[in-house]
Amino acid sequence: MPEATKDIASSRRVKRGAHWIEWMVGGLCTLLVAALILWIAYHAVINSDGVPELDVKVTHQQANAGGSYTVSILVSNKGTRTAAAVPVTGTLKAGDKVIETQEITFDYVPAQSTATGTLLFKADPAAYQLDIQASGYVDP
Amino acid sequence: MQVDGTAAATSGDEATRSPDEPAPDTFLVGMGRGVAGALLFALPMQMTMEMWELGITMERWRLALLMVIAIPLLVGISHRIGFEDTFSWKDGARDAMIAYGIGILTSAVTLTLFKLLMTGMPAEEISGKIAIQAIPASIGALLGRSQLGSGKDDAEDDPQAGYGSELFMMAVGALFLNLNMAPTEEMILISYKMTPWHALATILLSITLMHAFVYAVSFKGGHELSSDTPWWHALIRFTLPGYAIALVISLYSLWSFERLDGVSFTPAITAMIVLAFPGAIGAAAARLIL
């Protein structure tokens, strides 16, 4: 019994003579981790002091059955920092007169990424001038 | 008197039973351990708001994929460490499915208890909420069945602790912690707060801790390096593959829980690094916990 235990214990040791598959897997994983470190380090050097750059686009407009109007928007952040709690305000204007204002808040718009959402208007946005903008952000 | 009669009946019963077939009371004890394990491991998730929401909002095919992936995983765990009597793949598959069943039932009961499941809800919502909880619960049930009893140390007498099996157990350990954490908003929030320098430090600390955990410190069940083996042998053959596994599992968990939708490459990579930190600890500690 002590001998058997000893055998198992020694088989659990990392021995010098390992199968070539172990070295191949190990080598590939080392390359993967090294690539990851280099990628992050590269970004650390080029843009550790970036800011969010927010841009809002209308992707789709449609009238709903209930009489409301849907305006789908895409918020993109071209900057290298994430913006949190981004309020996006849509205003319908006829000349200087504000007809309707709707606002939604995006929890996060990650760096160099996009987020989508929808504003719901009671008036038809096609009949007025539609003004959409991100009015600020919080640093996460 | 009653007790004596029962004891006699049981022993008589056992005499006619083939040795590899457990007695009914053993089976019931196993089920009890399974339920205990499921609760122990899955309650943190069952009491997490994001997990309830994911049950409703998660894309159905991602949920289905997760549920299908869980099956070979459970069979693998069961075969590797499972119930004491598991020797063959057939037994492994049986125990895995029993654990899955325990996971589904306990999740249904606890979620009903928390008034998260009600009769008026659409079937899709009820099934989704149960399904997403059933995966961690079933892993817990399987681990509970093997670990919460008998005091038998599987690591000591496991016949096939080969290289693949080592990596598989690291994957289970990583997945286990990741399932706990990936649904929460904090994972992406941390990654957004971090600068690339923080991410870099996280990678290095993850690898260092992992290496220290299992291969330098001689924990029970960990590798003992023989004195003539250079330290970097174990680093390349075990620690770095373990970390790579933790990274891949983090990425899958985040994608599965829809944390990467619309996110570009670098922020996704940072979130993966954040989640791989607990994943690496889980992978390294797998030999201790499991």
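For the protein sequence lines, the chains are A and B, in the order given.
If you're matching positions, the first sequence starts at 1054 in this note's numbering and goes up one per residue.
If you're matching positions, the second sequence starts at 46 in this note's numbering and goes up one per residue.
Just so it is clear, CB atoms sit at the ideal spot from N, CA and C, and this is done for glycine as well.
Tell me whether residue i sits in a helix, a strand or coil according to DSSP, three-state version.
{"i": "tyrosine 208/B", "result": "helix"}
{"i": "glutamate 1153/A", "result": "strand"}
{"i": "aspartate 1160/A", "result": "strand"}
{"i": "proline 1178/A", "result": "helix"}
{"i": "proline 117/B", "result": "helix"}
{"i": "glutamine 1186/A", "result": "strand"}
{"i": "alanine 227/B", "result": "coil"}
{"i": "asparagine 1117/A", "result": "coil"}
{"i": "aspartate 199/B", "result": "Residue placement at aspartate 199/B is poorly supported in this model, since its pLDDT is 45, which falls under 50; the coordinates are not used for a value here."}
{"i": "phenylalanine 128/B", "result": "Only weak support is given to the placement of phenylalanine 128/B: the predicted model assigns it a pLDDT of 49, under 50, and the value that follows is read from those uncertain coordinates. If DSSP states are grouped into helix, strand and coil, phenylalanine 128/B belongs with coil."}
{"i": "valine 1104/A", "result": "coil"}
{"i": "serine 309/B", "result": "coil"}
{"i": "leucine 1173/A", "result": "strand"}
{"i": "glycine 1143/A", "result": "strand"}
{"i": "threonine 315/B", "result": "helix"}
{"i": "threonine 240/B", "result": "coil"}
{"i": "threonine 1135/A", "result": "coil"}
{"i": "alanine 1057/A", "result": "Below a pLDDT of 50, predicted positions are generally treated as unreliable, and alanine 1057/A, at 45, falls in that range; no measurement from the model is reported."}
{"i": "threonine 1167/A", "result": "strand"}
{"i": "threonine 1112/A", "result": "strand"}
{"i": "phenylalanine 322/B", "result": "helix"}
Would residue i pass as an interface residue toward chain A - the criterion being a Cβ-Cβ separation below 8 Å?
{"i": "valine 308/B", "result": "yes"}
{"i": "arginine 107/B", "result": "no"}
{"i": "alanine 289/B", "result": "yes"}
{"i": "threonine 311/B", "result": "yes"}
{"i": "glycine 146/B", "result": "no"}
{"i": "lysine 174/B", "result": "no"}
{"i": "tryptophan 242/B", "result": "yes"}
{"i": "arginine 125/B", "result": "no"}
{"i": "leucine 99/B", "result": "no"}
{"i": "leucine 222/B", "result": "no"}
{"i": "lysine 197/B", "result": "Residue confidence for lysine 197/B is low, a pLDDT of 45 falling below 50, so the modelled location carries little weight and cannot support an answer."}
Please list the terminal residues of the continuous alpha helix (DSSP H) segment that includes residue i.
{"i": "glycine 137/B", "result": "134-158"}
{"i": "leucine 280/B", "result": "Careful: leucine 280/B lies outside any alpha helix (DSSP H) and carries neither H nor E."}
{"i": "leucine 1052/A", "result": "Because chain A here runs from 1054 to 1193, residue 1052/A falls outside it and cannot be looked at."}
{"i": "valine 293/B", "result": "285-301"}
{"i": "threonine 102/B", "result": "94-102"}
Residue i and residue j look like a contact to me (Cβ under 8 Å); what is the Cβ gap, rounded to whole Å?
{"i": "leucine 1107/A", "j": "alanine 1187/A", "result": "4 Å"}
{"i": "asparagine 223/B", "j": "serine 295/B", "result": "6 Å"}
{"i": "serine 298/B", "j": "leucine 320/B", "result": "7 Å"}
{"i": "alanine 328/B", "j": "alanine 219/B", "result": "4 Å"}
{"i": "alanine 186/B", "j": "glycine 82/B", "result": "5 Å"}
{"i": "serine 1121/A", "j": "leucine 1173/A", "result": "5 Å"}
{"i": "serine 301/B", "j": "leucine 111/B", "result": "5 Å"}
{"i": "serine 183/B", "j": "alanine 115/B", "result": "7 Å"}
{"i": "alanine 325/B", "j": "alanine 291/B", "result": "5 Å"}
{"i": "arginine 304/B", "j": "methionine 232/B", "result": "7 Å"}
{"i": "alanine 1168/A", "j": "valine 1128/A", "result": "5 Å"}
{"i": "leucine 84/B", "j": "glycine 1079/A", "result": "With a Cβ gap of about 38 Å, leucine 84/B and glycine 1079/A do not count as contacting."}
{"i": "glycine 189/B", "j": "arginine 105/B", "result": "Actually they do not touch by this definition, with Cβ atoms about 29 Å apart."}
{"i": "alanine 141/B", "j": "methionine 214/B", "result": "So it is not a contact: roughly 16 Å between Cβ atoms."}
{"i": "methionine 103/B", "j": "glycine 173/B", "result": "7 Å"}
{"i": "lysine 238/B", "j": "proline 1105/A", "result": "Not quite, the Cβ-Cβ distance comes to about 13 Å (not below 8 Å), so this is no contact."}
Note down, in chain order, every chain C residue with its Cβ under 9 Å from the Cβ of residue i.
{"i": "tyrosine 208/B", "result": "Absent here is chain C; the protein component of the structure consists of chains A and B."}
Measure from the C-beta of residue i to each C-beta in chain B and report whether the shortest distance is under 8 Å.
{"i": "tyrosine 1161/A", "result": "yes"}
{"i": "isoleucine 1090/A", "result": "yes"}
{"i": "histidine 1096/A", "result": "yes"}
{"i": "isoleucine 1093/A", "result": "yes"}
{"i": "alanine 1138/A", "result": "no"}
{"i": "threonine 1158/A", "result": "no"}
{"i": "threonine 1112/A", "result": "no"}
{"i": "threonine 1171/A", "result": "no"}
{"i": "serine 1166/A", "result": "yes"}
{"i": "proline 1105/A", "result": "no"}
{"i": "valine 1086/A", "result": "yes"}
{"i": "proline 1178/A", "result": "no"}
{"i": "threonine 1144/A", "result": "no"}
{"i": "phenylalanine 1083/A", "result": "Correcting the residue identity first, residue 1083/A is threonine in this sequence and not phenylalanine. Closer than 8 Å: yes."}
{"i": "serine 1188/A", "result": "no"}
{"i": "threonine 1123/A", "result": "no"}
Validate contact between the stretch 149-159 of chain B and the stretch 175-186 of chain B using beta carbons, cut 8 Å, 3 pairs:
yes
I'd like to know if the stretch 1112-1121 of chain A and the stretch 306-319 of chain B are in contact, where contact means that at least 3 CB-CB pairs between them fall below 8 Å.
no
Stretch-stretch touch, CB-based, cutoff 8 Å, three pairs: the stretch 1085-1095 of chain A with the stretch 1136-1147 of chain A
no
If we count Cβ pairs, one from each stretch, closer than 8 Å, do we get three or more for the stretch 1118-1137 of chain A versus the stretch 1161-1170 of chain A?
yes
When the Cβ atoms of the stretch 247-255 of chain B are set against those of the stretch 1145-1152 of chain A, are three or more pairs found closer than 8 Å?
no
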